[in-house]
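Novice: Can you read through this structure? Questions will come right after.
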Amino acid sequence: MTSRQLLSLFSAFLILGLLVSAGKPPTISERVAGAILPHHLLVEGYLEAFYQHLREQIPGVTRIILISPNHFNYGYFKIRTTDGVFLNSELFPSTPPLDMAVIRAVTDSSPLSIENTDFTKEHGVMVHLPFIAEHFPEASVVPIILKEGTSEAQLDMLASALIPYRDDHTLVLGSIDFTHYEAEAVALTNDARTIQWLERLSSSWPLKSDVSLETLRSLAQTTNSNPASLGVAMDSSESLYLVSKILEGQNALHFNLWKRTSSASFTGVDRAELNTSHLFGTFSQ
């Protein structure tokens, strides 16, 4: 057996162990406060099922804080939102309203800036709006996109400004894709490492926090040792950090993995340049 085959076998067993309990709903004593989910429409059916799962776990949602990478670094500001001039138009039907009261309050007290330029080009936000409108029809949205390189200090200020609005009727969503541009064996290893980190968060509370942007940027480095590789283990350390800090402020870091998928596992085509992996999971109190 080759070393590559051994790596694939080891990774498969590792991820299988983590997935044994995946998809189990939180216990009655837990309340879902947030989630991570992909923005890759290859798994549109899983997105639909996961939104249904979220609706069952947290009924009565009236506000969703939606956090996404700014994939192409559009705009001037590091941390952007919008006043929604494009929403509910002929170009973008079936979109939820924006929570402008929260948006204005948070832009006044944090690095968050209203900047509409090219906002509709950010698929990390736009992919989710129809799902939100369908499954949470009473909810308004606070969409936030983050440029790579946004500082921990800026994200901490934003988290502090958002935490007062994270009540029992608010859901925090992190729109994040995970391993990119790696063969499935490497993606499995990367994702197992990320899942382990997520599951450790609740065990560390309240004695210490393992939530730091430096830790997440290190976690985002793929296990592939090829220096020419474009691979990453997640597409936005900043987004996962912000989600974690908001939920940390509410003692809602108990992570439950719902599903792990990938382009390779979904299509059966294991080509590194085509592969993107996806983690679906909830955070509860």
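Okay, so the sequence shown: first residue is 0 according to numbering that gives the first Met the number 0, each after it adds one.
Using N, Cα and C, we set each Cβ at its ideal position, and we do this for glycine too.
All figures in this text were calculated on a predicted structure; none of them were measured in a lab.
(1) Are residue 245 and residue 143 close, meaning C-beta to C-beta below 7 Å?
(2) Report the CB separation of residue 193 from residue 230 in whole angstroms; it is logged as a contact under 8 Å.
(3) Below 8 Å on the Cβ atoms is my contact criterion, and I expect residue 145 with residue 241 to pass it. Report the Cβ-Cβ distance as a whole number of Å.
(4) Excluding five sequence neighbours on each side, which residues of the same chain lie with their C-beta closer than 6 Å to the C-beta of residue 96?
(5) For the beta strand (DSSP E) holding residue 258, just list the boundary residues, first then last.
(6) Here's a check: name, in chain order, each residue in its chain whose Cβ is nearer than 7 Å to the Cβ of residue 41, leaving out the five neighbours to either side.
(7) Measure how close the beta-carbons of residue 39 and residue 176 come, nearest whole angstrom, since I'm counting them as under 8 Å.
(8) Could you pull the start and end residues of the beta strand (DSSP E) that residue 59 belongs to?
(9) How long is the line joining the alpha carbons of residue 36 and residue 280, rounded to whole angstroms?
(10) Going by CA-CA distance only, name the one from 62, 271, 105, 94 that's closest to residue 78.
(11) Where does the unbroken alpha helix (DSSP H) through residue 138 begin, and where does it stop?
(12) Is it buried or exposed, residue 169, if we count other Cβ atoms within 10 angstroms and call 16 or more buried?
(13) Please state whether the Cβ-Cβ distance between residue 256 and residue 282 is less than 7 Å.
(14) Taking all protein chains shown into account, do 16 or more other C-beta atoms lie within 10 angstroms of the C-beta of residue 130, making it buried, or fewer, making it exposed?
(15) Is residue 235 helix, strand or coil when you go by DSSP?
(16) Please work out which residues of its chain come closer than 7 Å, Cβ to Cβ, to residue 132, disregarding the five sequence neighbours upstream and downstream, and give them in chain order.
(17) Identify, in the order they occur along the chain, each residue of the same chain with its Cβ nearer than 8 Å to the Cβ of residue 33, setting aside the five sequence neighbours on each side.
(18) Look at the alpha carbon of residue 165 and the alpha carbon of residue 270, and state the distance between them as a whole number of angstroms.
(19) For the beta strand (DSSP E) holding residue 286, just list the boundary residues, first then last.
(20) With residue 217 as the anchor, note down where its alpha helix (DSSP H) starts and where it stops.
(21) Is there a C-beta anywhere in chain B that falls below 7 Å from the one on residue 106?
(22) Find the nearest neighbour of residue 101 within the set 201, 161, 31, 233, judged by alpha-carbon distance.
(23) How many angstroms separate the CA atom of residue 61 from the CA atom of residue 49?
(24) Is residue 271 helix, strand or coil when you go by DSSP?
(25) Cα-Cα, which of 112, 210, 121, 220 is closest to residue 189?
(26) With a 10 Å radius around its C-beta and 16 neighbouring C-beta atoms as the bar for buried, classify residue 167 as buried or exposed.
(27) Measure the Cβ-Cβ separation of residue 81 and residue 115 and say whether it is below 7 Å.
(28) Quick check: what's the CA-CA separation for residue 83 versus residue 117?
(29) Between which two residues does the alpha helix (DSSP H) holding residue 42 run?
(30) Output the boundary residues of the beta strand (DSSP E) element that contains residue 278.
Specialist: So, to answer that:
(1) Reading the sequence shown from its first residue, position 246 is the one you call residue 245. Reading the sequence shown from its first residue, position 144 is the one you call residue 143. No, the pair does not count as a contact, with Cβ atoms beyond the cut-off.
(2) Within the sequence shown, residue 193 is the residue found at index 194, counting from 1. Within the sequence shown, residue 230 is the residue found at index 231, counting from 1. Contact flag wrong, Cβ pair sits at about 14 Å.
(3) Translated into the one-based positions of the sequence shown, residue 145 becomes position 146. Translated into the one-based positions of the sequence shown, residue 241 becomes position 242. At roughly 7 Å, the Cβ-Cβ gap stays under 8 Å, so residue 145 and residue 241 are in contact.
(4) Counting from 1 along the sequence shown, the entry for residue 96 is found at position 97. Result list for residue 96: 139, in chain order.
(5) As a working note, residue 258 is residue 259 in the sequence shown. Residue 258 -> beta strand (DSSP E) spans 253 to 261.
(6) Within the sequence shown, the letter at position 42 stands for residue 41. Result list for residue 41: 262, 265, in chain order.
(7) Against the sequence shown, residue 39 aligns to sequence position 40. Against the sequence shown, residue 176 aligns to sequence position 177. Sure, about 5 Å apart at Cβ, within 8 Å.
(8) Position 60 of the sequence shown, counted from the first residue, corresponds to residue 59. Careful: residue 59 lies outside any beta strand (DSSP E) and carries neither H nor E.
(9) Counted from its first residue, the sequence shown places residue 36 at position 37. Counted from its first residue, the sequence shown places residue 280 at position 281. One Cα belongs to residue 36, the other to residue 280, and the distance between them is close to 7 Å.
(10) The residue you call residue 78 lines up with position 79 of the sequence shown. Of 62, 271, 105, 94, the residue nearest in Cα terms is 105.
(11) Sequence index remark: in the sequence shown, residue 138 carries index 139 (1-based). Unbroken run through residue 138: none, as it is neither H nor E.
(12) Walking along the sequence shown from the start, residue 169 turns up at place 170. Burial call: buried.
(13) Numbered from 1 along the sequence shown, position 257 holds the residue referred to as residue 256. Numbered from 1 along the sequence shown, position 283 holds the residue referred to as residue 282. Residue 282 is positioned such that its CB atom lies no closer than 7 Å to that of residue 256.
(14) Taking the sequence shown and counting its residues from 1, one reaches residue 130 at position 131. Per the 10 Å Cβ criterion, buried.
(15) For the purposes of this step, residue 235 is taken as the residue at position 236 of the sequence shown. In the structure shown, the three-state DSSP call for residue 235 is coil.
(16) By one-based count along the sequence shown, residue 132 stands at place 133. Closer than 7 Å at the Cβ level, and outside the excluded window around residue 132, lie 93, 94, 95.
(17) Walking along the sequence shown from the start, residue 33 turns up at place 34. Within its own chain, the residues whose Cβ lies closer than 8 Å to the Cβ of residue 33, once the five positions on either side in sequence are excluded, are 170, 171, 172, 173, 242, 245, 246, 251, 281, 282, listed in chain order.
(18) Residue 165 sits at position 166 when you count from the first residue of the sequence shown. Residue 270 sits at position 271 when you count from the first residue of the sequence shown. Roughly 41 Å between the two C-alpha positions.
(19) Residue 286 lies beyond the range of the chain shown here (0 to 284); nothing can be said about it.
(20) As a position in the sequence shown, residue 217 is number 218, starting the count at 1. Counting along the chain, the alpha helix (DSSP H) containing residue 217 begins and ends at 212 to 218.
(21) The question asks about chain B, but that chain is absent: this structure has only one protein chain.
(22) Position 102 of the sequence shown, counted from the first residue, corresponds to residue 101. Per the Cα distances, 161.
(23) Within the sequence shown, residue 61 is the residue found at index 62, counting from 1. Within the sequence shown, residue 49 is the residue found at index 50, counting from 1. About 18 Å.
(24) As a position in the sequence shown, residue 271 is number 272, starting the count at 1. Helix at residue 271.
(25) If you number the sequence shown from 1, residue 189 lands on position 190. Ranking 112, 210, 121, 220 by Cα distance to residue 189 puts 220 first.
(26) As a working note, residue 167 is residue 168 in the sequence shown. Flag for residue 167 reads exposed.
(27) Your numbering for residue 81 matches position 82 in the sequence shown. Your numbering for residue 115 matches position 116 in the sequence shown. The Cβ atoms of residue 81 and residue 115 lie closer than 7 Å to each other.
(28) For this step, residue 83 is matched to residue 84 along the sequence shown. For this step, residue 117 is matched to residue 118 along the sequence shown. Approximately 12 Å between the Cα atoms of the pair.
(29) To locate residue 42, count along the sequence shown from 1; it is residue 43. Where residue 42 is concerned, there is no enclosing alpha helix (DSSP H), given that its DSSP letter is neither H nor E.
(30) One-based indexing of the sequence shown puts residue 278 at position 279. Note, residue 278: beta strand (DSSP E), 276 to 283.
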